[in-house]
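**Student:**
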Amino acid sequence: MELIFGLFAGLAAGSVFALLGAGLVIAYRGSGVINFAHGSVAAYAAFTWDELRDMPGETGIGNEGGSIYLPWFDPIPEWGFLKALHINNLPVEIHIMTDPPAWLAMIITLAMSAFIGLLMHFLVFRPLRNSPMLAKVVGSVGIMLYLQAVALLNFGAANRADDGFWVFNSTSEPIANFIGMDDKNLPRSTPYLALAAIIIGAAAWAIYRYTRFGLATRAADENEKGATLLGYSPQFLAGLNWVISSVLAGLAGVIFLHKTMPNQLNLYVVSALAAALVGGLTSIPGAILGGLGLGAFASMGVSATSYSWWPEWLPVDGVRAFAPVLVVILVLYFRGHKLPIRGTVGLGRQPRAPATKHPMVGVGVGVAIALVMSNIFISKWESTLTMTLVAILAMLSLVVLLGFLGQISLVQWTLAGVSSFVLIRLASDGTKVRPMDFFVVWGPDLPDPIAALGGVIAAVLLGLLIGIPALRIRGVQLAVVTLAAIVAIEDLLMRNRPLMGTAAHTMNPTPKPKWFGQYVGALDEQSNQTDYWKYTVFAIIVVALAGIFVVNLRRGIIGRRFLAIRSNERAAAAAGVNVARTKMLGFGVSSFLAGLAGMLVAYKMPMVTSEFFSPFVGLAMIAFVYLGGITTVWGAVLGGMLVGGGLLSEFGSLHFEGITQAYINAVGGIGLVVNAVLTSGEGISLTITNQAKALVATMRGTTPNEGEKEEVVSTEEVNV
98 MELIFGLFAG
108 LAAGSVFALL
118 GAGLVIAYRG
128 SGVINFAHGS
138 VAAYAAFTWD
148 ELRDMPGETG
158 IGNEGGSIYL
168 PWFDPIPEWG
178 FLKALHINNL
188 PVEIHIMTDP
198 PAWLAMIITL
208 AMSAFIGLLM
218 HFLVFRPLRN
228 SPMLAKVVGS
238 VGIMLYLQAV
248 ALLNFGAANR
258 ADDGFWVFNS
268 TSEPIANFIG
278 MDDKNLPRST
288 PYLALAAIII
298 GAAAWAIYRY
308 TRFGLATRAA
318 DENEKGATLL
328 GYSPQFLAGL
338 NWVISSVLAG
348 LAGVIFLHKT
358 MPNQLNLYVV
368 SALAAALVGG
378 LTSIPGAILG
388 GLGLGAFASM
398 GVSATSYSWW
408 PEWLPVDGVR
418 AFAPVLVVIL
428 VLYFRGHKLP
438 IRGTVGLGRQ
448 PRAPATKHPM
458 VGVGVGVAIA
468 LVMSNIFISK
478 WESTLTMTLV
488 AILAMLSLVV
498 LLGFLGQISL
508 VQWTLAGVSS
518 FVLIRLASDG
528 TKVRPMDFFV
538 VWGPDLPDPI
548 AALGGVIAAV
558 LLGLLIGIPA
568 LRIRGVQLAV
578 VTLAAIVAIE
588 DLLMRNRPLM
598 GTAAHTMNPT
608 PKPKWFGQYV
618 GALDEQSNQT
628 DYWKYTVFAI
638 IVVALAGIFV
648 VNLRRGIIGR
658 RFLAIRSNER
668 AAAAAGVNVA
678 RTKMLGFGVS
688 SFLAGLAGML
698 VAYKMPMVTS
708 EFFSPFVGLA
718 MIAFVYLGGI
728 TTVWGAVLGG
738 MLVGGGLLSE
748 FGSLHFEGIT
758 QAYINAVGGI
768 GLVVNAVLTS
778 GEGISLTITN
788 QAKALVATMR
798 GTTPNEGEKE
808 EVVSTEEVNV
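Next up, the structure:
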């Protein structure tokens with residue numbers, strides 16, 4: 098009976114999965130893009146609804162409710178000389194009326210969702226329609242980061258709680274003694290949510306099945322050129338589909354707000370993707386049924402944890418998070434080849450991955466600058482420098498996997514977290530490491546180098562396990578699997594107290610590491626100085642060696658095999674490259690570098706939390722390394738300086754009052770999209786290099802890039 102009750106109770110969450118999944122299907126059929134920012138659209142709509150319905154002065158940035166915040170931020174901060182110029186800032190807030198009725202608030206909220214959908218299509222995905230799949234994935238990740246940052250700037254850091262409206266509320270009396278169980282009360286809104294999902298899904302299906310617009314969309318989905326010859330504009334149809342998709346996301350965010358908080362909707366896209374995949378990315382009824390079934394399945398799994406036979410090491414949150422991962426992996430592994438791939442005129446040019454000719458010169462200059470900063474400006478910049486080094490090392494793993502091999506994996510920063518937690522567990526002995534520690538972690542008390550090696554090996558093994566689906570699926574499908582894996586790993590492993598220690602859900606105290614008799618931790622116990630100079634030197638050495646390794650990897654035969662697979666797997670196989678073995682090697686190397694980054698995190702911080710390795714931090718890493726240059730070591734260096742806590746971002750925050758991390762992420766999201774559209778993903782580093790070479794060539798009267806022409810042609814995509 099517990100399982101049956103869990104089945105019905107899960108229909109509430111299943112309804113929002115269903116609506117979001119249907120929206121993903123509509124967007125995919127309209128433009129061939131899987132929108133990873135779909136949950137962020139729902140979250141922004143939920144914030145908009147809550148801000149409209151709040152009483153004056155209750156929440157939000159403004160002083161009264163009844164306002165809407167447009168989906169952008171003021172690009173002219175009020176600081177320094179700009180404040181004295183009295184420049185008219187870009188309008189962000191518009192006050193509608195105090196306490197508007199629910200029907201008016203709903204119309205305004207859905208209109209805001211439609212507006213966001215139009216902006217996404219015309220500003221991002223339409224310019225990227227002929228770009229490589231990596232550019233489209235990164236574009237959607239950029240939108241996700243941008244919407245989260247803008248929501249933080251416009252609505253504040255506090256999350257929201259809402260009682261709901263009409264039948265979708267949390268104040269109604271529950272259904273007592275549900276299915277004859279005296280101690281089980283089902284929330285009254287649950288059947289209404291499921292019914293709403295079914296009705297809305299049926300209406301959407303009817304529109305696409307029987308209307309002229311729906312038939313035109315289906316025609317464009319199958320053959321864009323054919324639809325054009327019939328007089329339909331594929332881009333106009335795509336824009337309308339983006340509007341409908343975003344409206345469904347906004348509707349899901351509003352009707353489900355009484356059961357969750359807006360920020361939690363961001364990662365609901367994982368379950369929504371699972372629902373959409375059940376429908377084959379083409380069937381709206383399949384997505385609706387898949388979402389409802391997924392919610393019921395996950396809730397039944399949670400109910401099963403109450404039985405005595407359930408293993409203690411498998412937590413409730415982990416079961417809830419693993420359900421969509423299991424669905425995604427099974428569907429993609431067994432049906433991935435049957436999923437539709439929207440045709441385009443061209444697949445676009447992959448970003449160049451030039452080999453560095455004189456790597457030791459660059460490494461020497463970088464190490465010298467880092468050492469100077471760590472000793473001269475130690476009071477202000479050493480902490481920022483070490484955070485930059487950690488980010489650079491994590492981004493080097495992305496350069497190998499995404500830039501060289503072309504495998505769109507979003508999970509590398511999470512693997513760094515696994516390495517960090519395993520290291521802590523292996524190096525602990527059950528006693529307090531520092532007097533300030535709140536918890537102790539039991540472990541075998543291994544020597545620090547061996548514990549670090551164990552953490553790195555754990556990251557490599559998990560990375561290889563995640564890489565197995567890449568043998569059958571690729572591109573955006575692999576991105577879906579790894580995004581789902583991020584959520585599952587966080588709840589199944591990093592927050593798992595039986596596996597990772599008593600404090601795994603909160604704060605895990607880190608060890609006092611000694612390598613060959615030398616203390617290399619960041620916290621000096623005698624002076625309480627953070628980022629102790631020996632740790633800084635240790636981090637510089639590790640990152641420098643990793644950079645040299647990646648440069649030589651690209652210059653060698655393995656790097657050329659990586660690029661061949663990135664360009665065309667069939668052509669690489671025809672040339673004698675073992676594609677499966679090379680892919681697994683790439684996942685292993687990338688996971689090794691991510692594991693080293695996790696080691697540096699464990700040595701840097703007195704306590705490690707799973708929030709430090711949250712999915713959004715990992716996505717920000719991908720965004721900024723793509724902005725810096727996903728195919729070069731110098732792109733990783735530049736990305737590490739740009740990311741939150743890096744040298745450039747901290748410099749801006751220090752010298753320009755009001756430039757917060759939210760501003761940096763918002764600008765980074767915009768820069769990410771602009772980079773994908775204008776430079777084909779080559780990033781700032783290669784753009785600067787190209788301009789410098791052009792300038793030198795102009796001064797010499799020669800043609801730039803003459804020596805690189807053959808290499809570029811050899812790595813271009815070919816048709817087999």
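With this note's numbering applied, the sequence shown corresponds to residues 98 to 817, in that order. For every residue, glycine included, the Cβ atom is placed at its ideal position computed from N, Cα and C.
Which residue comes first and which comes last in the beta strand (DSSP E) that contains GLU190?
**Tutor:** Element bounds for GLU190: 190 to 192.
**Student:** For PHE709, which three-state DSSP category applies?
**Tutor:** Helix at PHE709.
**Student:** Out of curiosity, what's the CA-to-CA distance linking VAL464 and VAL686?
**Tutor:** Going by the C-alpha atoms only, they are around 23 Å apart.
**Student:** Between PRO224 and GLU779, what straight-line distance do the alpha-carbon atoms span, to the nearest angstrom?
**Tutor:** Roughly 16 Å separates the two Cα atoms.
**Student:** Since LYS611 sits in a beta bridge, which residues does DSSP pair it with?
**Tutor:** Answer is TYR616, bridged to LYS611.
**Student:** Assuming ILE761 is part of the alpha helix (DSSP H), what are its boundary residues?
**Tutor:** Looking at the DSSP string, the run of the alpha helix (DSSP H) that includes ILE761 is 758 to 775.
**Student:** Which residues in the same chain as MET397 place their Cβ atom closer than 7 Å to its Cβ, once the five residues preceding and following it in sequence are excluded?
**Tutor:** Excluding sequence neighbours, MET397 sits near LEU100, GLY103, LEU104, GLY107.
**Student:** Please tell me whether ILE767 and LEU735 are closer than 9 Å, where the distance is taken between their beta carbons.
**Tutor:** The answer is no: Cβ separation not under 9 Å.
**Student:** So, helix, strand or coil for LEU283, using DSSP?
**Tutor:** Correct three-state label for LEU283: strand.
**Student:** Measure the alpha-carbon distance for LEU818 versus VAL366 and round it to whole angstroms.
**Tutor:** Examination of residue 818 is not possible in this model, given that the chain is present from 98 through 817 alone.
**Student:** Among SER237, ASN665, PHE219, SER128, which one has its Cα closest to the Cα of VAL577?
**Tutor:** Measuring from the Cα of VAL577, the nearest candidate turns out to be SER237.
**Student:** How far does the alpha helix (DSSP H) with ILE341 in it extend, from its first residue to its last?
**Tutor:** 331 to 352 is the extent of the alpha helix (DSSP H) around ILE341.
**Student:** Relative to the C-alpha of ILE297, which residue among ARG126, PHE114, THR799, LEU620 is closest?
**Tutor:** Nearest option by C-alpha distance: PHE114.
**Student:** Applying the criterion that 16 or more other CB atoms from any shown protein chain within 10 Å of the CB defines a buried residue, is GLY159 buried or exposed?
**Tutor:** Caution applies to GLY159, whose pLDDT of 45 falls short of 50 and renders its modelled position unreliable; the model cannot decide the point.
**Student:** Quick check on DSSP: helix, strand or coil for GLY154?
**Tutor:** Here the model assigns GLY154 a pLDDT of 42, short of 50, so the residue's position is not dependable and the matter cannot be decided.
**Student:** Which term fits TRP510, buried or exposed, when burial requires 16 or more other beta carbons within 10 angstroms of its beta carbon?
**Tutor:** Buried, since its Cβ has 16 or more Cβ neighbours within 10 Å.
**Student:** By Cβ distance below 6 Å, which residues in the same chain neighbour TYR329 in space, the five residues on each side in sequence not counted?
**Tutor:** Within the same chain, TYR329 has close Cβ partners ALA313.
**Student:** According to DSSP, simplified to helix, strand and coil, what is GLY261?
**Tutor:** Three-state DSSP puts GLY261 in a strand.
**Student:** Kindly give me the distance between the Cβ atoms of GLY136 and LEU117, rounded to whole angstroms, as I take these residues to be in contact under 8 Å.
**Tutor:** Rounded, the Cβ-Cβ distance is 7 Å, consistent with contact.
**Student:** Can you give the Cα-Cα distance for ARG790 and ILE662, rounded to whole angstroms?
**Tutor:** Looking at the sequence itself, residue 790 is Lys, so the reference to Arg does not match. If you take the alpha carbons of LYS790 and ILE662, they lie about 29 Å apart.
**Student:** Between which two residues does the alpha helix (DSSP H) harbouring TYR166 extend?
**Tutor:** Looking at the DSSP string, TYR166 is not in any alpha helix (DSSP H); the run it does join, the beta strand (DSSP E), is 164 to 166.
**Student:** Would you call GLY154 buried or exposed, if buried means 16 or more other Cβ atoms sit within 10 Å of its Cβ?
**Tutor:** Per-residue confidence for GLY154 stands at a pLDDT of 42, beneath the threshold of 50, marking its modelled position as unreliable; the derived number appears in the next sentence. So GLY154 ends up on the exposed side.
**Student:** Distance check for GLY350 and ALA418, CA to CA, integer angstroms please.
**Tutor:** Distance between the alpha carbons of ALA418 and GLY350: 19 Å.
**Student:** If we call anything under 9 Å between Cβ atoms a contact, is VAL399 one with VAL497?
**Tutor:** For VAL399 and VAL497, no; Cβs fall outside 9 Å.
**Student:** Whose C-alpha, out of GLY376, TRP263, GLY692, is nearest the C-alpha of ALA384?
**Tutor:** Measuring from the Cα of ALA384, the nearest candidate turns out to be GLY376.
**Student:** Which residues in the same chain as SER403 place their Cβ atom closer than 8 Å to its Cβ, once the five residues preceding and following it in sequence are excluded?
**Tutor:** Around SER403: GLU99.
**Student:** Is there a C-beta anywhere in chain B that falls below 9 Å from the one on VAL577?
**Tutor:** Judged by its chain identifiers, the structure shown contains no chain B, having just a single protein chain.
**Student:** Apply the 10 Å Cβ neighbour rule to ARG522 and answer buried if 16 or more other Cβ atoms are within range, or exposed otherwise.
**Tutor:** By the 10 Å Cβ count, ARG522 comes out buried.
**Student:** Since PRO606 sits in a beta bridge, which residues does DSSP pair it with?
**Tutor:** According to DSSP, which records beta bridges pairwise, PRO606 is partnered with MET704.
**Student:** In whole angstroms, give me the CA-to-CA distance for ALA110 and GLY253.
**Tutor:** For ALA110 and GLY253, the distance between alpha carbons rounds to 26 Å.
**Student:** At the level of alpha carbons, what is the spacing between PHE394 and LEU744?
**Tutor:** Using only the alpha carbons, I get a separation of about 46 Å.
**Student:** So the alpha helix (DSSP H) VAL113 belongs to, where does it begin and stop?
**Tutor:** 108 to 128 is the extent of the alpha helix (DSSP H) around VAL113.
**Student:** Please state whether DSSP places ASN132 in a helix, a strand or coil.
**Tutor:** Correct three-state label for ASN132: coil.
**Student:** Three or more beta-carbon pairs under 8 Å between the stretch 555 to 562 and the stretch 504 to 518, yes or no?
**Tutor:** The answer is yes - the stretch 504 to 518 touches the stretch 555 to 562, with three or more Cβ pairs under 8 Å.
**Student:** Determine contact between the stretch 339 to 354 and the stretch 206 to 219, defined as no fewer than three beta-carbon pairs at a distance below 8 Å.
**Tutor:** With the cut-off at 8 Å, the stretch 339 to 354 and the stretch 206 to 219 touch.
**Student:** In its own chain, which residues sit with a C-beta less than 6 Å from the C-beta of ASN251, not counting the 5 before and 5 after it?
**Tutor:** Cβ within range, chain order: TYR166.
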